[in-house]
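Right, one structure below, let's go through it.
Residue numbers (the working numbering), protein chains in the order written: chain A, 1 to 111; chain B, 1001 to 1112.
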């Protein structure tokens, strides 16, 4: 059961433009949502998170939006930089021990 | 500060062989996790531990065993390797209640 879905396996944007990565979930018990970034041959690194009591969290160039009624979250990167090229995983959790991950979206930022 | 260290980075096993994937963290984190990532799929939880001496099954535990004798170490054991266990394995740790996992760099395992 794929409780967290990232329907776009890849995304390509021009440097300086906005990157929008999307994620949908099915479990209404999820109350914490995270984005991880992964470079080749490395483990994922935590990027940004949001709890279900908020609808937006911002950290520098990265903003996560949560739409609970639609069970949808998105990650906005503005402006996109070539160093942002990586695979981005969406994750959702209802407890410390049940974090579910999406399949990832490969972002390519072209110079 | 090394974070989460996994060894080995790569391994090829024959069907039926056994091996232990090592994971060590130096951040004094209570929570530790083992995930596997198959091509085109998200990470799936194999086993987790909330502290030394305590382990529990995740989403896909069959074919694996773990132990947690110390806070630092959380080894994953494959007893009878099968081709279905070909995957990239990630160990992670977490400080209580902040949800941000720290991942190791992964072990790429191929069973032939």
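Even for Gly, the Cβ is constructed at its ideal location relative to N, Cα and C.
- Given residue 1038 (chain B), which residues of its chain have a CB within under 7 Å of its CB, disregarding the five upstream and five downstream residues? As a working note, residue 1038 (chain B) is residue 38 in the second chain. Only 1087 meet the Cβ criterion.
- Cβ of residue 92 (chain A) within 8 Å of any chain B Cβ: Stepping through the first chain from its first residue, residue 92 (chain A) is reached at position 92. So no, residue 92 (chain A) is outside the interface.
- Item | Straight-line gap, residue 1102 (chain B) to residue 65 (chain A) (C-alpha atoms, nearest Å) | In the second chain, counting from the first residue as 1, residue 1102 (chain B) sits at position 102. In the first chain, counting from the first residue as 1, residue 65 (chain A) sits at position 65. Approximately 23 Å between the Cα atoms of the pair.
- Message: Three or more C-beta pairs under 8 Å: does that hold for the segment 36 to 47 of chain A against the segment 12 to 22 of chain A?
- Response: no
- Element boundaries [beta strand (DSSP E), containing residue 113 (chain A)]: This structure leaves residue 113 (chain A) out entirely; chain A is present only between 1 and 111.
- Could you work out which residue in B:1047, B:1053, B:1028 is closest to residue 1077 (chain B) when comparing CA atoms only? One-based indexing of the second chain puts residue 1077 (chain B) at position 77. Ranking B:1047, B:1053, B:1028 by Cα distance to residue 1077 (chain B) puts B:1047 first.
- residue 1148 (chain B) lies in the beta strand (DSSP E); which residues open and close that run? Residue 1148 (chain B) lies beyond the residue range present for chain B, which begins at 1001 and ends at 1112; the question has no answer from this structure.
- Take residue 4 (chain A) and list the residues in its own chain whose beta-carbon comes closer than 7 Å to its own, dropping the five residues that flank it on each side. As a first step, residue 4 (chain A) is located in the first chain; it is residue number 4 there, counting from the start. Excluding positions up to five away in sequence, the list reads 23, 25, 90, 91, 92, 100, 101, 102.
- Task: Mark residue 1111 (chain B) as exposed unless 16 or more other C-beta atoms lie within 10 angstroms of its C-beta, in which case mark it buried.
- Result: Along the second chain, read from residue 1 onward, the residue named residue 1111 (chain B) stands at position 111. Buried, since its Cβ has 16 or more Cβ neighbours within 10 Å.
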